[in-house]
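Engineer:
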Amino acid sequence: MKEELISLLERLEKETGLPRGRIIEVLASALKVAAERKFGQKNIKVEFDEEKGEFLIFVNNKKLSTQELGRIVAFRARQIIAQKIREEEKSLLAEKFAKRKGEIVWGIVDRREGRDYILEVEGMEVRLPYRETLPQDEFYRGEKVKALVLEVDKNAEYPVLLSRTHPQFLEKLLLEEVPELKEGTVKIKNVVREPGYRSKVAVESSRKEIDSIGALIGIKGTRIKPVLHELRGEKIDIIPYSDDIKEFIARALAPAEVEEIEIYPENKRARVIVKDDQLSLAIGKKGQNVSLAARLTGWNIDVRPVSQALREKKISEEEKIKEFTSLPGIDEDRAKKLIQAGFFTLEDICRVPRDELEKLLQINTEEAQKIVKMAREMLKKEGVKIG
Numbered sequence: 069m070k071e072e073l074i075s076l077l078e079r080l081e082k083e084t085g086l087p088r089g090r091i092i093e094v095l096a097s098a099l100k101v102a103a104e105r106k107f108g109q110k111n112i113k114v115e116f117d118e119e120k121g122e123f124l125i126f127v128n129n130k131k132l133s134t135q136e137l138g139r140i141v142a143f144r145a146r147q148i149i150a151q152k153i154r155e156e157e158k159s160l161l162a163e164k165f166a167k168r169k170g171e172i173v174w175g176i177v178d179r180r181e182g183r184d185y186i187l188e189v190e191g192m193e194v195r196l197p198y199r200e201t202l203p204q205d206e207f208y209r210g211e212k213v214k215a216l217v218l219e220v221d222k223n224a225e226y227p228v229l230l231s232r233t234h235p236q237f238l239e240k241l242l243l244e245e246v247p248e249l250k251e252g253t254v255k256i257k258n259v260v261r262e263p264g265y266r267s268k269v270a271v272e273s274s275r276k277e278i279d280s281i282g283a284l285i286g287i288k289g290t291r292i293k294p295v296l297h298e299l300r301g302e303k304i305d306i307i308p309y310s311d312d313i314k315e316f317i318a319r320a321l322a323p324a325e326v327e328e329i330e331i332y333p334e335n336k337r338a339r340v341i342v343k344d345d346q347l348s349l350a351i352g353k354k355g356q357n358v359s360l361a362a363r364l365t366g367w368n369i370d371v372r373p374v375s376q377a378l379r380e381k382k383i384s385e386e387e388k389i390k391e392f393t394s395l396p397g398i399d400e401d402r403a404k405k406l407i408q409a410g411f412f413t414l415e416d417i418c419r420v421p422r423d424e425l426e427k428l429l430q431i432n433t434e435e436a437q438k439i440v441k442m443a444r445e446m447l448k449k450e451g452v453k454i455g
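Those letters in the sequence shown? Residues 69 to 455, per our numbering, in order.
Below is the structure:
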């Protein structure tokens, strides 16, 4: 039996690639579990004698005979050993992939579990969840798939989680195609995505003679085309970064043309004026363009047409205060705070994120909800629809 265990130890060392010490620990652990199942939860110890090259099992400090050890290995330990070796192999691979978090890998589709894809990547089964795929993605068994190593958890059923929707996936794809990004002469400042539909990438050049947009697009689009292909036609807006927040916001709203921007630093809010015929372009389909621009810049962006802005300018401060103080919990001081923060109408109150209103007026969630509810009711009476 000594020879059989040592033979098993050597074979596992070759087949699994696990360190000898780790395999010894696994075998010792498996023998202990097997002995506990046979003798019950007694004082059981398992040791490995390096000099003699054999495992020793002690039950209540009494060493088992070779014959008893053989029966344990033959009938109880084999399945446990196989299970523990699988766990160790999975753990070792997870450790390897933990160092590659944020990198792009290639995998082969093996099967589907529910809506998720199970891929084989470098000998390991990994999961590409449906939520991390693009709307246009449809993969088949045996197909090669490119994705980002998003998470690694060695205790999970599939320790490695992949993603094709994460902003870093787009960033890494661009890094593969653009030498200036690898060299550091062009830097990506931020990436935001509506996966499968539209993305915005803010870039900055460290040298004036290098065109950051041209560097990413390439001659006749040679650099950007492989990225677009990988992302199934997702539109990518390359935005030149600027430290001037007004300029950056205006650029981020491309392809719309901006007429005027008023900024309110206290609550990082920007009021953007565009020509009436540019409004739908600035907002984008289902609000995608303005939403991405807000996420790219880190500012709340309120876009309105010139015609509306002109009407609002005609409203006196007294009228604004009167309208705002008709809302529950809004006194004159709070009304003035709203005006100073760029709120001119009841529509502005309805559109602002609740947490921003709470912070600005120093009120709780319930109070903010009451204010917004009343503002909506007042607008409804006036025949104004709020989305």
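Note that beta-carbon positions come from the ideal geometry of N, C-alpha and C, so glycine has one too. Model, not experiment: these values are computed from the prediction.
(1) Given the structure, does Ala-409 come close to the ligand PLP, in the sense that its CB is under 7 Å from one of the ligand's heavy atoms?
(2) Does the beta carbon of Ile-307 sit closer than 8 Å to a beta carbon anywhere in chain D?
(3) With C-beta atoms as the reference, is Leu-243 less than 8 Å away from Leu-229?
(4) Where in the stretch 314–398 do unbroken runs of the beta strand (DSSP E), each at least 3 residues long, occur, reported from the N-terminal end onward?
(5) For Thr-433, count the other beta carbons within 10 Å of its own beta carbon; 16 or more makes it buried, fewer makes it exposed. Which is it?
(6) What is the rounded straight-line gap between the Cα of Ile-369 and the Cα of Ile-148?
(7) Out of Gly-366, Ala-324, Ala-403 and Ile-407, state which residue places its alpha-carbon closest to the alpha-carbon of Arg-372.
(8) Going by C-alpha distance, which of Arg-232, Pro-333, Ala-436 and Leu-360 is nearest Val-466?
(9) Starting from Ile-459 and walking both ways along the beta strand (DSSP E), at which residues does that stretch end?
(10) So, are the CB atoms of Asn-258 and Leu-378 less than 8 Å apart?
(11) For Gly-352, count neighbouring Cβ atoms within 10 angstroms of its own Cβ and tell me buried if that reaches 16, exposed if not.
(12) Which runs of the alpha helix (DSSP H), 4 residues or longer, sit entirely within the stretch 144–222?
(13) Using 10 angstroms around the beta-carbon of His-234, count the other beta-carbons present and answer buried if the total reaches 16, otherwise exposed.
(14) What runs of the alpha helix (DSSP H), each 4 residues or longer, lie entirely inside the stretch 240–304?
(15) Using beta-carbon positions only, say whether Ile-431 and Leu-395 come within less than 8 Å of one another.
(16) Alpha carbon to alpha carbon, how far is Val-114 from Glu-104? Give it in angstroms, no decimals.
(17) Can you grab the Cα-Cα spacing for the pair Gln-408 / Thr-253, in whole Å?
(18) So, at 7 Å on beta carbons, what are the nonlocal neighbours of Ile-398 in its own chain, with the 5 sequence-adjacent residues on each side left out?
(19) Is there contact between the stretch 291–307 and the stretch 261–276, where contact requires at least three CB pairs shorter than 8 Å?
(20) Should the stretch 335–352 be called in touch with the stretch 281–292, which here means at least 3 C-beta pairs below 8 Å?
(21) Please tell me whether Leu-187 and Val-194 are closer than 8 Å, where the distance is taken between their beta carbons.
(22) Using the beta-carbon count (16 or more within 10 Å), is Gln-151 buried or exposed?
(23) Run through the DSSP bridge pairs and tell me what Ser-231 is partnered with.
(24) Excluding sequence positions up to five away, which residues of its chain have a Cβ less than 8 Å from the Cβ of Gly-210?
(25) Which of the three DSSP states, helix, strand or coil, is assigned to Glu-122?
(26) Compute the Euclidean distance between the alpha carbons of Leu-406 and Lys-336, then round it to the nearest angstrom.
(27) Give the secondary structure of Met-69 by DSSP, where H, G and I count as helix, E and B as strand, and everything else as coil.
(28) Quick check on the DSSP output: the alpha helix (DSSP H) that includes Asp-423 runs from which residue to which?
(29) If we ignore side chains and look at the alpha-carbon of each, how far apart do Val-358 and Lys-449 end up?
(30) Of the residues Gly-108, Lys-390, Arg-90 and Asp-312, which one's Cα is nearest the Cα of Glu-155?
(31) If I measure Cβ to Cβ from Ile-383 and keep anything under 7 Å in the same chain, skipping five residues before and after, which residues do I get?
(32) By a C-beta neighbour count over all protein chains shown, 10 Å radius and 16 as the cutoff for buried, is Asp-416 buried or exposed?
(33) Is it buried or exposed, Gly-191, if we count other Cβ atoms within 10 angstroms and call 16 or more buried?
(34) Can you give the beta carbon distance from Leu-216 to Lys-240, rounded, assuming they're within the 8 Å contact cut?
Structural biologist: Well, looking at it:
(1) The ligand content of the structure shown is nil, which means the ligand PLP is not present either.
(2) Any reference to chain D falls outside this structure, which holds one protein chain only.
(3) Contact flag unset, no.
(4) 328–332, 337–342 and 368–373
(5) exposed
(6) Within the model, the alpha-carbon separation for Ile-369 versus Ile-148 is close to 60 Å.
(7) Ala-324
(8) Outside the modelled stretch of the chain, which goes from 69 to 455, sits residue 466, for which no answer is possible.
(9) Absent from the model: residue 459. The displayed extent of the chain is 69 to 455, so no value can be given.
(10) no
(11) buried
(12) 146–166
(13) Classification for His-234: buried.
(14) Whole alpha helix (DSSP H) segments, 4+ residues: 247–251, 280–285 and 292–298.
(15) Not closer than 8 Å, so no.
(16) 11 Å
(17) 41 Å
(18) Result list for Ile-398: Phe-392 and Ile-439, in chain order.
(19) A contact exists between the stretch 291–307 and the stretch 261–276.
(20) In short, these stretches do not touch, since the Cβ pair count stays below three.
(21) yes
(22) Classification of Gln-151: exposed, given that the 10 Å Cβ count is below 16.
(23) Leu-216
(24) Ile-176 and Val-177
(25) strand
(26) 13 Å
(27) Because Met-69 carries a pLDDT of 48, less than 50, the predicted location of this residue cannot be relied on, and the following value inherits that uncertainty. Coil at Met-69, not helix or strand.
(28) 422–429
(29) 28 Å
(30) Arg-90
(31) Counting only residues of its own chain and dropping the five nearest sequence neighbours on each side, Ile-383 has a CB closer than 7 Å to the CB of Phe-412.
(32) buried
(33) It counts as exposed.
(34) 6 Å
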